[in-house]
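If you want the working numbering, it's the 1-based position in the sequence shown plus 702.
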Amino acid sequence: MKTFIIVSDTHRNRAPLDAMDGLFAENDYIIHLGDLSSDGGYIRSKYPDKTIVLNGNCDLDKLGEDEYILEVEGVKIFMCHGHRYGVKQQLYRLAERANKEGCTVALYGHTHIPRVDEVNGVKLINPGALTRYGRLTYCFMAITNGRAVEKITEL
């Protein structure tokens with residue numbers, strides 16, 4: 703089994719990231735889905751071997767990747783911030799892109815709204831946001847035996 707902590711849209715609010723340090727330490731992967739990738743870089747400076755950083759629409763520094771694909775325990779995961787796929791309006795384009803890459807899970811942010819959907823056989827997971835405004839949410843995900851199980855959690 704491999705475990706993930708997935709965050710997005712921190713927008714320079716590093717206090718929640720500091721509060722999550724114990725979670726970061728005890729999980730196999732840490733994913734920051736952009737806005738701001740410099741916050742992802744902050745996490746990566748502590749956990750360089752297990753942190754994946756994506757760029758978002760507010761990232762001028764571009765410290766991460768625009769898109770990333772990872773295969774873990776038989777599950778192929780597509781990751782992006784989501785703005786290039788119009789996720790505030792619909793999820794079809796994101797699911798289509800993930801399908802094209804052979805991925806059964808897609809991680810995205812951008813909307814600041816935590817949610818899990820399934821579109822055309824792709825599980826779409828948005829961890830929500832860790833900004834200063836609104837609910838502070840992240841996602842814990844475990845992958846084992848070719849299956850991903852997620853839990854959106856409020857900090």
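Glycine included, every Cβ here is placed at the ideal spot set by N, Cα and C.
The beta carbons of G811 and L738 sit about 11 Å from each other, so the pair does not count as a contact at 8 Å.
Taking A797 as the centre and dropping the five residues before and after it, the same chain places the C-beta of A808, V821, N822, V824 and L826 closer than 7 Å to its C-beta, in chain order.
The Cβ atoms of R716 and Y744 lie closer than 8 Å to each other. Remark: C-beta atoms of P816 and N828 approach each other more closely than 8 Å. In the DSSP annotation of this structure, the continuous segment of the beta strand (DSSP E) that includes K853 starts and ends at R849 to E856. In the DSSP annotation of this structure, the continuous segment of the alpha helix (DSSP H) that includes E798 starts and ends at Y794 to K802. In the three-state reduction of the DSSP assignment, A717 falls in the helix class, which pools H, G and I. Taking C-beta atoms under 8 Å as the contact rule, V709 and Y835 fail to qualify, at a distance of about 16 Å. Non-local beta-carbon contacts of C805 in its own chain, meaning distances under 8 Å to residues more than five positions away in sequence, involve I771, K778, I779, F780 and V824 in chain order. Comparing alpha-carbon positions, the option among I845, R837 and V851 lying closest to D819 turns out to be V851.
Going by DSSP, K704 is part of the beta strand (DSSP E) stretching over K704 to V709. Taking C-beta atoms under 8 Å as the contact rule, H783 and G758 qualify, at a distance of about 4 Å. Residues of the same chain with a CB within less than 6 Å of the CB of P718, apart from the 5 flanking positions on each side, are L832, L838 and L857 in chain order.
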